[in-house]
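Visitor: Mind looking over this structure? Questions follow.
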Amino acid sequence: MSCSILGYTKATMFHRAIQRHLSTRPARIELTKTVGGGSSSATMSPRLEALRAQLREEISVGQHTLEDFALPPPPSNDENDSHIDETINTNNPTIIDPNKTMNIIRRKAPPRPAKILPKPSWLKAQPATSENYLSLRNTVRELGLATVCEEAKCPNIGECWGGGPDSTATATIMIMGDTCTRGCSFCAVKTSRKPGPLDPEEPEKVASAVIKWGLDYVVLTSVDRDDIEDQGSGHFRSVVQKLKEKSRAAGKELLVEALTPDFRGDMDLVGRVANSGLDVYAHNIETVERLTRRVRDRRAGYAQTLAVLEHAKIANPVVLTKTSIMLGLGETDEDIRQTLTDLRNVDVDVVTFGQYLQPSRRHLPVKEYVTPEKYDEWREEAEGMGFKYVASGPLVRSSYKAGEFFLKNLIKERESEIELAA
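Numbering (the working numbering), first residue to last: 867 to 1288.
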């Protein structure tokens, strides 16, 4: 009996709980829209009525609705008016007659401003199609070598690798991998904080490739390796020494140029490479002092580059020092003159001028395409300041036809010495 009473009590309590819940639910609002499209007649909350009033006000002051983008623009004459009347149901201008077609005029966005300057006509490079070029490329692939000519997308690869009967074939081999620990704003080489390990067989591979190519002049360059204790200077030195060793064994006089990193300004490391047996010690200043922080990685510096070039000559007075300046980044004539003065003050022998070319949209944009006539002016001015050799032109790079320039310069010096002796 007690169980029956307990069950009845629980059922009664449950029923009353449901009634209390239903009684607290908000009353249902029913909206009834008038046929004429006017205001609604219903039991409506003040908040909803205020929103409807705001919407009517926005439409009345010319705010766009969906129909504004679907319908054609307002006609400008009576002839167009009659055409629109035929296309749109006149009883209700917001309803389109499904039995008739309508031309929708798409509104195009204004064209974006061009961020990349068009290249002028004088920037034309020789096509890479010669037999010598193809032979060099195949050897690079076979030995797994990297060249800055390819990695940095140099426009002169066909001309430098091609050589010819009256010119010296030049290749720029990039050692210590194809990935740099720095990220300069102008450079197309890949970057990483921790590139792969150095290849201990690289000195032998590079020397074998150069002897096989039969080159007269080779340029060695490298990525920055801030992740290695000696910045890769020992590896760089080994490659130069192996090249000299193999070329002497083959009975050839190979000229070696080393386009080096700054080794973080450690002059002991700079001296180690300068005394490795190379003929030219190159380190690029890249741009003028005012633009250095924008153009180069924060770990590189204008004063540090000058110090590296100066110490290379101190460590090995016989070696030629060389650097390169890119133009078209927003530098002024006064900026360039000051840079040339600074370079001569540390006894730099060779300087090259070339046009900066933007590798991709992610890199610094070109501010100006400098004319060939202006490059000639800079060559004459730099020669007048005492540089032993100056290469200046839109497509000139730091290692552009370096062997030809170097050998011609040596011939001129020897002719001058003979004349003085006579």
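For every residue, glycine included, the Cβ atom is placed at its ideal position computed from N, Cα and C.
Using beta-carbon positions only, say whether L1175 and K1233 come within less than 7 Å of one another.
Guide: no
Visitor: If you follow the alpha helix (DSSP H) that V1076 is in, where does it begin and where does it stop?
Guide: 1068-1079
Visitor: If contacts are defined as beta-carbon pairs under 8 Å, then L1120 and K1110 qualify, I think. What distance do you get, rounded to the angstrom?
Guide: 7 Å
Visitor: Less than 8 Å between C-beta atoms, sequence neighbours within five positions excluded: which residues of the same chain meet that for D1242?
Guide: S1258
Visitor: How close, in whole Å, do the beta carbons of S1142 and R1103 come, if the pair is a contact with beta carbons under 8 Å?
Guide: 4 Å
Visitor: Tell me, please, which residues DSSP counts as bridged to M1192.
Guide: Note: M1192 sits in a beta bridge opposite G1220.
Visitor: Go through its chain and collect everything with a Cβ distance to T1205's Cβ below 6 Å, but skip five positions before and after it.
Guide: Only V1154 meet the Cβ criterion.
Visitor: If you run the structure through DSSP and keep just helix, strand and coil, what is Y1235?
Guide: coil
Visitor: Near V1212, which residues of its chain fall below 7 Å by C-beta distance, leaving aside the five closest residues on each side in sequence?
Guide: In its chain, beyond the 5 residues on either side, L1172, L1175, E1176 have a beta carbon closer than 7 Å to the beta carbon of V1212.
Visitor: Which word fits L847, buried or exposed, when buried means at least 16 other C-beta atoms lie within 10 angstroms of its C-beta?
Guide: Any question about residue 847 goes unanswered here, given that the chain covers just 867 to 1288.
Visitor: Under 8 Å, with one C-beta from each stretch per pair, do the segment 1079-1087 and the segment 1053-1069 reach the 3-pair mark?
Guide: no
Visitor: Going by other Cβ atoms of all chains shown within 10 Å of its Cβ, with 16 needed for buried, is H930 buried or exposed?
Guide: Any reading at H930 needs caution, since the residue's pLDDT is 47, under 50, leaving its predicted position unreliable; the model's value is listed next. Burial call: exposed.
Visitor: Work out the CA separation of D1201 and D1215 for me, nearest whole Å.
Guide: Taken atom to atom, the span from the alpha-carbon of D1215 to that of D1201 is near 20 Å.
Visitor: Express the C-alpha separation of C1050 and Q1224 in angstroms, rounding to a whole number.
Guide: Looking at the backbone, the Cα of Q1224 and that of C1050 are separated by about 12 Å.
Visitor: Hey, M1042 and H1101: beta-carbon distance below 7 Å or not?
Guide: yes
Visitor: Span of the alpha helix (DSSP H) holding E1197?
Guide: Where E1197 is concerned, there is no enclosing alpha helix (DSSP H), given that its DSSP letter is neither H nor E.
Visitor: Going by DSSP, what residues sit across from T1187 in a beta bridge?
Guide: Y1147
Visitor: Work out the CA separation of R1156 and Y1222 for me, nearest whole Å.
Guide: 16 Å
Visitor: Considering only the alpha carbon of each residue, which of M1133, A1116, D1096, G1098 lies closest to Q1181?
Guide: Residue 1181 is actually Ala in this sequence, not Gln. It is M1133 whose Cα lies nearest to the Cα of A1181.
Visitor: If you count every other CB in all the chains shown that lies within 10 Å of the CB of K1188, and 16 or more means buried, which is it?
Guide: buried
Visitor: Compare the Cα-Cα distances from T1198 to each of H1229, S1226, A1178, V1236 and report the closest residue.
Guide: V1236
Visitor: So P1127 and Q1097 are supposed to be a Cβ contact under 8 Å. How far apart are they, rounded?
Guide: 7 Å
Visitor: Please classify T956 as buried or exposed, where buried requires at least 16 neighbouring CB atoms within 10 angstroms.
Guide: Only weak support exists for where T956 lies, its pLDDT of 45 falling under 50; the coordinates are left without a value.
Visitor: Since R1165 contacts R1130 with CB under 8 Å, what's their CB separation in whole angstroms?
Guide: 7 Å
Visitor: Out of N1004, E1008, A1075, V1085, state which residue places its alpha-carbon closest to the alpha-carbon of R1263.
Guide: V1085
Visitor: Roughly how many angstroms lie between the CA atoms of R1159 and A1248, to the nearest whole one?
Guide: 25 Å
Visitor: At what residues does the beta strand (DSSP E) containing E1123 begin and finish?
Guide: 1121-1125
Visitor: Give a yes or no on whether the C-beta atoms belonging to D1090 and T1057 are separated by under 7 Å.
Guide: no
Visitor: If distances are taken between C-alpha atoms only, which option among A1140, F1219, T1207 comes closest to P1183?
Guide: A1140
Visitor: Could you tell me how far apart the beta carbons of I1191 and V1217 are, in whole angstroms, since I believe they sit closer than 8 Å?
Guide: 7 Å
Visitor: Between E1152, V1055, V1072, V1122, which lies nearest to D1145 when the distance is taken from Cα to Cα?
Guide: V1122
Visitor: Apply the 10 Å Cβ neighbour rule to P1298 and answer buried if 16 or more other Cβ atoms are within range, or exposed otherwise.
Guide: No statement about residue 1298 is possible, as the shown extent of the chain runs from 867 to 1288 and does not include it.
Visitor: Determine whether the beta carbon atoms of Y1147 and A1169 lie at a separation below 7 Å.
Guide: no
Visitor: For T1038, tell me which candidate among K1112, L1135, A1073 has the shortest Cα-Cα distance.
Guide: Answer by Cα proximity: A1073.
Visitor: For I1077, I'd like the list of residues in its chain whose CB is within less than 7 Å of its CB, leaving aside the five on either flank, ordered along the chain.
Guide: K1112, S1113, A1116
Visitor: Can you tell me where the beta strand (DSSP E) with S1258 in it begins and where it stops?
Guide: 1255-1258
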